[in-house]
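Participant:
Residue numbers (our numbering): 79 to 201.
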């Protein structure tokens with residue numbers, strides 16, 4: 079249900095969080111960035127930055143533990159595609175499997191790209 083909120087442009091701007099700002103927030107960010115075609119190296123860098131949040135290490139999670147959690151999620155996404163598939167394809171397949179529609183996925187992509195394009199300032 080949470081991901082479908084991003085399909086309705088009327089919901090923007092959207093803020094989302096969890097208790098520490100890392101696990102559920104990080105998972106949602108992985109799904110959104112991947113869906114939008116961001117490469118996996120950038121996604122992992124963004125995810126690992128969550129450790130630097132005010133509460134990001136409050137529970138004693140070390141950077142290696144956080145990375146292991148990230149890899150675990152990525153390994154689970156592997157079942158939604160082949161080794162040669164992009165992270166974008168795997169995430170799209172996963173979201174379709176849990177009931178997100180192709181129309182909603184397309185709307186998320188279009189809405190975010192439109193918002194980003196509006197924010198770009200050309201010098």
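We treat Cβ as the ideally placed atom computed from N, Cα and C, and that holds for glycine. Here the structure is a predicted model, which is why all the values come from computation and not from measurement.
Helix, strand or coil for residue 156? Go by DSSP, reduced to three states.
Facilitator: It is helical.
Participant: Counting C-beta neighbours from all protein chains within 10 Å, is the total for residue 127 16 or more, i.e. buried, or is it exposed?
Facilitator: Exposed is the call here.
Participant: Which residue spans inside the stretch 136 to 196 form an unbroken alpha helix (DSSP H) run of at least 4?
Facilitator: Counting whole runs of 4 or more residues, the stretch 136 to 196 contains the alpha helix (DSSP H) stretches 141 to 155 and 165 to 175.
Participant: To which residues of the same chain is residue 116 closer than 7 Å at the C-beta, ignoring the five residues directly before and after it?
Facilitator: For residue 116, where only same-chain residues beyond five positions count, there are no Cβ hits under 7 Å.
Participant: With 16 other CB atoms within 10 Å as the buried threshold, where does residue 138 fall?
Facilitator: Under this definition residue 138 is an exposed residue.
Participant: Hey, is residue 85's beta-carbon within less than 9 Å of any beta-carbon in chain D?
Facilitator: This model lacks chain D altogether; it includes just one protein chain.
Participant: Ignore the nearest five residues each way along the sequence and tell me which others in residue 148's own chain have a CB closer than 8 Å to its CB.
Facilitator: Within the same chain, residue 148 has close Cβ partners 104, 108, 122, 125 and 126.
Participant: Excluding the 5 residues flanking residue 82 on each side, which residues of the same chain have their C-beta closer than 8 Å to its C-beta?
Facilitator: Once the five neighbours on either side are set aside, the close Cβ partners of residue 82 are 178 and 182.
Participant: Could you give the distance in angstroms between the alpha-carbon of residue 164 and the alpha-carbon of residue 84?
Facilitator: In a straight line, the C-alpha of residue 164 is about 21 Å away from that of residue 84.
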